[in-house]
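Visitor: Just passing along the structure, written as C-alpha cells.
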Amino acid sequence: MSHPPGLRERKKIRTRNALVDASLRLFEEKGYDATTIAEIAAAVDVSPRTFFSYFTSKEDVVFFDNEVRVAEALRVIADRRPGESAMDLLVRAARQSLDRDFADADRSVEAAQRRTHLIESVPSLQARALHLLFDTQRRVARALHEACPDQLDPVEAASAVGAIVGAARLAAMTCVDQGASPPEVRAAIDKAIDITIRGLGSFGSPGHDAR
Numbered sequence: 001m002s003h004p005p006g007l008r009e010r011k012k013i014r015t016r017n018a019l020v021d022a023s024l025r026l027f028e029e030k031g032y033d034a035t036t037i038a039e040i041a042a043a044v045d046v047s048p049r050t051f052f053s054y055f056t057s058k059e060d061v062v063f064f065d066n067e068v069r070v071a072e073a074l075r076v077i078a079d080r081r082p083g084e085s086a087m088d089l090l091v092r093a094a095r096q097s098l099d100r101d102f103a104d105a106d107r108s109v110e111a112a113q114r115r116t117h118l119i120e121s122v123p124s125l126q127a128r129a130l131h132l133l134f135d136t137q138r139r140v141a142r143a144l145h146e147a148c149p150d151q152l153d154p155v156e157a158a159s160a161v162g163a164i165v166g167a168a169r170l171a172a173m174t175c176v177d178q179g180a181s182p183p184e185v186r187a188a189i190d191k192a193i194d195i196t197i198r199g200l201g202s203f204g205s206p207g208h209d210a211r
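Going by full-length UniProt numbering, 66 is the number at position 66 of the sequence shown; the sequence numbering is gapless.
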C-alpha cells in the first residue's frame, strides 16, 4: 500500500512543477534561447542552484515528464497478466499512458500544443525529441520482447511498438493542428491504435510463432 507524500516531498513537487510552468511560460514569451536559468529561478523565487537540483539544463525542463512516462509503460509491460497476448499488453500500456495524459485533458492538450510549438521552433529541441522518441521505443520494445518471448522476437516487438507509437503520435498531431478538442484528440488516438492493431492481425497472438 502506497503512502501519500510527506510535507517535504509535496514541497519539492510544487517547486518542480513551478519551475516547469515558469520555464515554458518564459520560453513562450521571450524565446527559448533568450531565456536564462537565472530568470527561470527568479520567477519561482528560488536560486539557480535550486534549479539545478531538479534539472540539468533548460532542455531537460522541456522534456520533464519523459522518464516518468517511460517508467510507467515499462512497469505495465513487466506486469503482464496471465494469458495476455503481446498486442493486448502493448495496447494496455499505451492506453494507460493516455489515461494519465488526459486526466486533466484541457490543461494537458494546451500544454502539449505549447510544448510541440516550442520543440518545432528550436533545432536543439527537435534533435533531443527525436533521440528520446527512438530511445523510448527501443526500451519499450525490449521490455515487450522480454515479457512475451514466446510471441515476439526482437524485430517483431520493435515493429509493433513503432507502428502503434507512430500512428498514435501522428493522429494526435494531426488533430491538434486542426484545433480539435481534447476528447476529439483522445478519440483519434484510440482510433489510430485500433486501426494499427487490425493491420497487425494475429501478429503477437498466443498462436504466433516467434522466430
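Just so you know, even glycine gets a beta-carbon here, dropped at the ideal spot from N, CA and C.
Taking DSSP as the reference, what is the three-state secondary structure of Arg80?
Guide: One-based indexing of the sequence shown puts residue 80 at position 80. Three-state result, Arg80: coil.
Visitor: Quick one: is Val165 buried, meaning 16 or more other Cβ sit within 10 Å of its Cβ, or exposed?
Guide: Within the sequence shown, numbered from 1, the residue matching residue 165 stands at position 165. Flag for Val165 reads buried.
Visitor: Quick one: what's got a C-beta closer than 7 angstroms to Arg114's C-beta in the same chain, skipping five residues either side?
Guide: Within the sequence shown, residue 114 is the residue found at index 114, counting from 1. Same-chain partners within the cutoff: Leu24 and Glu28.
Visitor: Measuring alpha carbon to alpha carbon, tell me which residue in Arg100, Ser159, Val62 and Ala94 is nearest Ala168.
Guide: Position 168 of the sequence shown, counting from 1, holds the residue named residue 168. The candidate whose alpha carbon is nearest that of Ala168 is Ala94.
Visitor: Look at the Cβ atom of Ala163, then the Cβ atom of Thr136, and state whether they are nearer than 7 angstroms.
Guide: Here residue 163 corresponds to residue number 163 of the sequence shown, with the count starting at 1. Here residue 136 corresponds to residue number 136 of the sequence shown, with the count starting at 1. For Ala163 and Thr136, no; Cβs fall outside 7 angstroms.
Visitor: Do you know whose CA, among Ala157, Ala22, Ile13 and Phe64, lies nearest Val91's CA?
Guide: Counting from 1 along the sequence shown, the entry for residue 91 is found at position 91. Checked all of Ala157, Ala22, Ile13 and Phe64; the closest Cα to Val91 is Ala157.
Visitor: Kindly indicate which residue of Cys148, Ser159 and Ser47 has the alpha-carbon position closest to the one of residue 223.
Guide: It is not possible to answer for residue 223, since the shown part of the chain is limited to 1 through 211.
Visitor: Following the continuous alpha helix (DSSP H) through Cys175, name the residue where it begins and the one where it ends.
Guide: For the purposes of this step, residue 175 is identified with residue 175 of the sequence shown, where counting begins at 1. Pro154 to Asp177 is the span of the alpha helix (DSSP H), which, as asked, contains Cys175.
Visitor: Using the three-state DSSP reduction, which class does Ser121 fall into: helix, strand or coil?
Guide: Translated into the one-based positions of the sequence shown, residue 121 becomes position 121. It is helical.
Visitor: Given a cut-off of 7 angstroms on the beta-carbon distance, is the pair Ala86 and Gln151 in contact?
Guide: Locating residue 86 in the sequence shown gives position 86, counting from the first residue. Locating residue 151 in the sequence shown gives position 151, counting from the first residue. Their beta carbons are under 7 angstroms apart, which means Ala86 touches Gln151 by this criterion.
Visitor: Return yes when the Cβ of Val140 is within less than 7 angstroms of the Cβ of Val161, no when it is not.
Guide: By 1-based counting over the sequence shown, the position of residue 161 is 161. By 1-based counting over the sequence shown, the position of residue 140 is 140. Yes, these two residues count as a Cβ contact at 7 angstroms.
Visitor: So what does DSSP say about Ala103, is it helix, strand or coil?
Guide: One-based indexing of the sequence shown puts residue 103 at position 103. If DSSP states are grouped into helix, strand and coil, Ala103 belongs with coil.
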